[in-house]
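**Student:** Per this note's numbering, the sequence shown starts with residue 4, numbered consecutively. All C-beta atoms in this analysis are idealised placements derived from N, C-alpha and C, irrespective of residue type, glycine included. Here it is: the structure, laid out below.
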Amino acid sequence: MKDSANTPGADGGEAFVSAFTAVGADYLFCSSGSEWAPVWESLARRHRDGDPAPAYLDLTHETVAVGMATGYGLVTRRPQGVLLHAAPGLLQGSMAVHGALLAGVPMVVASSESSTYGDGPGQDPGGQWYRNLSVVGGPHGVARPFTKWSNEAASVHTLPTMITRSAELAWRAPAGPAYLNVPLEILLEDWDGREAKPVVAPGSTHSSPEEADQVAQLLREAENPVIVTETAGREAGGFEALVAFAEAWDIPVVEPDSAVCGNFPRTHPLHAGSDIGPWMDEADLILLVNCRVPFYPPSRRPAKATIVVIDEVPQRPHIVYQVLFADRYLEGGVANSLRQLAKRAKDLDPAAVARRRSAQEERYAAERNAIALAETGAEEAVSRTDRPEGAGGTDPVLVAATLRRLLDGTDALVVDETITHSRVVKRHLKTSRPDSYFYVQGGLGQGIAVALGAKLAAPDRPVVFTVGDGAFTYNPVIPSYDAARTYDLPVLIVVFNNRVYKSMNLNHRRFYPDGAAAGTGEWLGTDLRRLPRLAAFAEPFGMHTETVDTPDALAPALERALKAVADGTTAVVDVLVTR
4 MKDSANTPGA DGGEAFVSAF TAVGADYLFC SSGSEWAPVW ESLARRHRDG DPAPAYLDLT
64 HETVAVGMAT GYGLVTRRPQ GVLLHAAPGL LQGSMAVHGA LLAGVPMVVA SSESSTYGDG
124 PGQDPGGQWY RNLSVVGGPH GVARPFTKWS NEAASVHTLP TMITRSAELA WRAPAGPAYL
184 NVPLEILLED WDGREAKPVV APGSTHSSPE EADQVAQLLR EAENPVIVTE TAGREAGGFE
244 ALVAFAEAWD IPVVEPDSAV CGNFPRTHPL HAGSDIGPWM DEADLILLVN CRVPFYPPSR
304 RPAKATIVVI DEVPQRPHIV YQVLFADRYL EGGVANSLRQ LAKRAKDLDP AAVARRRSAQ
364 EERYAAERNA IALAETGAEE AVSRTDRPEG AGGTDPVLVA ATLRRLLDGT DALVVDETIT
424 HSRVVKRHLK TSRPDSYFYV QGGLGQGIAV ALGAKLAAPD RPVVFTVGDG AFTYNPVIPS
484 YDAARTYDLP VLIVVFNNRV YKSMNLNHRR FYPDGAAAGT GEWLGTDLRR LPRLAAFAEP
544 FGMHTETVDT PDALAPALER ALKAVADGTT AVVDVLVTR
């Protein structure tokens, strides 16, 4: 920290912007609230005078602000600023903040309260704080359960350093959102110009060579090892390090359904699908690489495997119940641990390696054949003459396979918020590059914003958002489309529309197979046939829209949509699917 001459008229708003500038934030994602006038004035002053400041995004919904910061952080892995309104705005955005916590995305979320309620000196904060906006314990108390760290900036003199501390905490493992309550009176208070120190990127952490040697010895002795990962690809360099490690030791890699990003090329011969089940009885060594919740139910313990956990923070403090059955930990940075283990791939038993390589070749060939058969079946269904009259729609497998074909060679980035179709999307898109696939975490309704944030971070890459009709209706669609148009963020939105909350319907059928609903056909809480076709909501924003009810219309519609996106226009393709 240093002292500098006070800027004429500088107040807490200037301190706030100065701190985020020092932090290195590229953006302030803001869903407007009456407390942010001092920040807006500082930004206007800096824009007038040509002084540096983070770019400001004026967004019309809290979920859009947080979701865009999440998408941006997934790609850049650096903390940004998010401005919400008081405790109510924080509550509105809380689902997305919790999603950022689960996704491991660093950000500094700020909102405000009043500390004087109009009874103190200085400018009147307004009666709304006294009557409507304040909550007992302050918004930092509200934020505590769904953030990594939560506190209050109680003085304008400590505000810049509190923002620095929030960013540094957010950035370090396990990365996640930090929250700072900045009372309006602090933002309006005179500031003496003491500036925040720039944030330094986290240093690297390492397991000791002795610990790595011990795990390498376990690898040499293993006959049937397997790697299981959920979020290795979220770490900087983690995707590439996992490929090098798996190849060096010739070990298959399983990405379970709980995987939240692309961690390993799905086109790689060592990719062993998404089912850990076959390994539970046969594996003698399981390496959990950034794998939060590998076994379900949690008590489902492998029969004979030694379990090694490779994770910088294996016991995640925000997970309520977590069972790893670990026998050994490597708790340094994941990418570094994998690189160290890859270097130790020496003195392997050639016979053991040959046996597991042969077994994996059979598994991989079987999976490729199964994928091909599923896609052939979906294509053949297009030309069947025995389909029931009036039966419309496209097999979701064909939707995902067509997308894969059209996106091939484009370096596309896919954000996925499907539920019943998520396995189909992962399996048939077959993403194979780092940062090419992200699954939205937490509650439904954030995905469009996350895709927009990813596009903001990767403007030269095509960004595709896949979503079911149920999840689509949870999204703040109008504010999301407004952000896409206002900030020139064209994305392709593909809706897998089966006109039902399928996941909820499946649970009802599973829990009560012979119940009253099964007998009468009265399935409550699941019917979406009453909704209009979903592409039309984009029309007032001048976006490209397609409604696809037949399989033969699918590929041409997606081709037109991708061309529109390449030309700078968001496109929405609403595809009626058969299941």
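(1) Do residue 256 and residue 232 have their C-beta atoms closer together than 8 Å?
(2) In terms of alpha-carbon separation, which member of 358, 356, 367, 468 lies closest to residue 410?
(3) Could you give the first and the last residue of the continuous beta strand (DSSP E) run that contains residue 499?
(4) Helix, strand or coil, according to DSSP, for residue 283 in the structure here?
(5) Do you know whose CA, among 75, 89, 271, lies nearest residue 83's CA?
(6) Thinking C-beta only, is residue 531 closer than 8 Å to residue 502?
(7) If you drop the 5 nearest sequence neighbours on each side, which residues of the same chain put their C-beta closer than 8 Å to that of residue 36?
(8) Going by alpha carbons, who is nearest to residue 131 out of 187, 169, 173?
(9) Within 8 Å, do at least three Cβ pairs link the segment 196-209 to the segment 57-75?
(10) Using the three-state DSSP reduction, which class does residue 507 fall into: helix, strand or coil?
(11) Exposed or buried, residue 424, counting other C-beta atoms within 10 Å across all chains shown (16 or more means buried)?
(12) My guess is that residue 443 and residue 419 are in contact by the Cβ rule of under 8 Å, so how many angstroms apart are they, rounded?
(13) For residue 579, is the classification buried or exposed, using 16 other Cβ atoms within 10 angstroms of its Cβ as the cut-off for buried?
(14) Got a sec, what are the start and stop residues for the alpha helix (DSSP H) residue 431 sits in?
(15) Does any C-beta atom of chain B lie closer than 8 Å to the C-beta of residue 144?
(16) On the three-state DSSP scale, how would you describe residue 529?
(17) I want to check one thing, is the minimum distance from the CB of residue 250 to the heavy atoms of the ligand MN below 7 Å?
(18) Going by DSSP, what residues sit across from residue 230 in a beta bridge?
(19) Can you check the segment 133-180 for any alpha helix (DSSP H) of at least 4 residues that lies completely inside it and give the ranges in chain order?
(20) Buried or exposed: which applies to residue 514, given that a residue is buried once 16 or more other Cβ atoms fall within 10 Å of its Cβ?
(21) Tell me, to the nearest whole angstrom, how far the beta carbon of residue 15 is from that of residue 190; I am working on the premise that it is less than 8 Å.
(22) Measure the C-alpha to C-alpha separation of residue 438 and residue 78 and round it to an integer number of angstroms.
(23) Which whole runs of the beta strand (DSSP E) in the segment 9-46 are 3 residues long or more, in chain order?
(24) Assuming contact is defined by CB atoms lying nearer than 8 Å, are residue 642 and residue 487 in contact in what I supplied?
(25) Quick test of your reading: residue 564 and residue 549, contact by CB under 8 Å. State the CB separation rounded to the nearest angstrom.
(26) If residue 289 and residue 229 are in contact, beta carbons under 8 Å, what's the gap, nearest whole angstrom?
(27) Use the C-beta contact count for residue 220: other C-beta atoms within 10 angstroms, 16 or more gives buried, fewer gives exposed.
(28) Near residue 441, which residues of its chain fall below 6 Å by C-beta distance, leaving aside the five closest residues on each side in sequence?
(29) For residue 114, which of helix, strand or coil comes out of DSSP?
(30) So residue 121 and residue 133 are in contact, right, with Cβ under 8 Å, and what is the actual spacing, rounded?
(31) Scan the segment 54-81 and note each continuous alpha helix (DSSP H) run of 4 residues or more that stays entirely inside, going in chain order.
(32) Excluding the 5 residues preceding and the 5 following residue 242 in the sequence, name in chain order all residues of the same chain whose CB lies nearer than 6 Å to its CB.
(33) Would you tell me roughly how many angstroms separate the C-alpha atoms of residue 478 and residue 343, rounded to the nearest one?
(34) Tell me where the alpha helix (DSSP H) around residue 481 begins and ends.
(35) If you reduce the DSSP assignment to three classes, tell me which class residue 83 lands in.
(36) Between the Cα of residue 294 and the Cα atoms of 302, 304, 312, which residue gives the shortest distance?
**Tutor:** Short version:
(1) Here the question's residue 256 lines up with position 253 in the sequence shown. Here the question's residue 232 lines up with position 229 in the sequence shown. For residue 256 and residue 232, yes; Cβs fall inside 8 Å.
(2) Against the sequence shown, residue 410 aligns to sequence position 407. The shortest C-alpha separation from residue 410 is found at 468.
(3) Walking along the sequence shown from the start, residue 499 turns up at place 496. Start and end: 495-500.
(4) For this step, residue 283 is matched to residue 280 along the sequence shown. Correct three-state label for residue 283: coil.
(5) In the sequence shown, residue 83 corresponds to position 80, counting from 1. Residue 83 has its Cα closest to that of 75, out of 75, 89, 271.
(6) Along the sequence shown, one-based indexing puts residue 502 at 499. Along the sequence shown, one-based indexing puts residue 531 at 528. Yes. Within cutoff.
(7) The residue you call residue 36 lines up with position 33 of the sequence shown. Once the five neighbours on either side are set aside, the close Cβ partners of residue 36 are 86, 87, 88, 89, 92, 114, 115.
(8) Here residue 131 refers to the residue found at position 128 when the sequence shown is read from its first residue. Residue 187 is the option with its Cα nearest to residue 131.
(9) no
(10) Position 504 of the sequence shown, counting from 1, holds the residue named residue 507. If DSSP states are grouped into helix, strand and coil, residue 507 belongs with the helices.
(11) As a first step, residue 424 is located in the sequence shown; it is residue number 421 there, counting from the start. Residue 424 should be labelled buried.
(12) Translated into positions along the sequence shown, residue 443 becomes position 440. Translated into positions along the sequence shown, residue 419 becomes position 416. Contact holds; Cβ gap of about 7 Å.
(13) In the sequence shown, counting from the first residue as 1, residue 579 sits at position 576. Using a 10 angstroms sphere on the CB of residue 579, the tally of other CB atoms reaches 16 or more, which defines it as buried.
(14) Taking the sequence shown and counting its residues from 1, one reaches residue 431 at position 428. Segment 425-432, the alpha helix (DSSP H) holding residue 431.
(15) The structure shown contains no chain B; it is built from a single protein chain.
(16) Taking the sequence shown and counting its residues from 1, the one referred to as residue 529 is at position 526. The answer is coil: DSSP assigns residue 529 none of H, G, I, E or B.
(17) Ligands are entirely absent from the displayed structure, and the ligand MN is therefore not among its contents.
(18) Taking the first residue of the sequence shown as 1, we reach residue 230 at position 227. Paired residue(s): 256, 290.
(19) Complete alpha helix (DSSP H) runs here, min 4: 142-146, 162-174.
(20) Residue mapping note: residue 514 aligns to position 511 of the sequence shown, counting from 1. It counts as exposed.
(21) Counting from 1 along the sequence shown, the entry for residue 15 is found at position 12. Counting from 1 along the sequence shown, the entry for residue 190 is found at position 187. Between the beta-carbon of residue 15 and that of residue 190 there is about 4 Å, and that keeps the pair under the 8 Å contact cut.
(22) Along the sequence shown, one-based indexing puts residue 438 at 435. Along the sequence shown, one-based indexing puts residue 78 at 75. Taking the straight line from one Cα to the other gives about 7 Å.
(23) 30-34
(24) Absent from the structure is residue 642, since the part of the chain shown begins at 4 and ends at 582.
(25) One-based indexing of the sequence shown puts residue 564 at position 561. One-based indexing of the sequence shown puts residue 549 at position 546. Their Cβ separation, rounded to whole angstroms, is 6 Å, which keeps residue 564 and residue 549 in contact under 8 Å.
(26) For the purposes of this step, residue 289 is taken as the residue at position 286 of the sequence shown. For the purposes of this step, residue 229 is taken as the residue at position 226 of the sequence shown. Indeed they touch by this definition, with Cβ atoms about 6 Å apart.
(27) Position 217 of the sequence shown, counted from the first residue, corresponds to residue 220. Looking at its Cβ environment, which holds fewer than 16 other Cβ atoms inside 10 Å, residue 220 is exposed.
(28) Along the sequence shown, read from residue 1 onward, the residue named residue 441 stands at position 438. Excluding residues within five positions, the ones whose Cβ falls inside 6 Å are 77, 264, 418.
(29) Residue 114 sits at position 111 when you count from the first residue of the sequence shown. DSSP, reduced to helix, strand and coil, places residue 114 within a strand of the structure shown.
(30) Indexing the sequence shown from 1 puts residue 121 at position 118. Indexing the sequence shown from 1 puts residue 133 at position 130. Right, the Cβ-Cβ distance comes to about 6 Å (below 8 Å), so this counts as a contact.
(31) 65-79
(32) By one-based count along the sequence shown, residue 242 stands at place 239. Counting only Cβ-Cβ distances below 6 Å, and skipping sequence neighbours, we find 236, 437.
(33) By 1-based counting over the sequence shown, the position of residue 478 is 475. By 1-based counting over the sequence shown, the position of residue 343 is 340. For the pair residue 478 and residue 343, the Cα-to-Cα distance works out to about 43 Å.
(34) Position 478 of the sequence shown, counted from the first residue, corresponds to residue 481. Looking at the DSSP string, the run of the alpha helix (DSSP H) that includes residue 481 is 480-489.
(35) Taking the sequence shown and counting its residues from 1, one reaches residue 83 at position 80. Residue 83 falls in the strand class under three-state DSSP.
(36) For the purposes of this step, residue 294 is taken as the residue at position 291 of the sequence shown. Ranking the options by Cα distance to residue 294, first place goes to 312.
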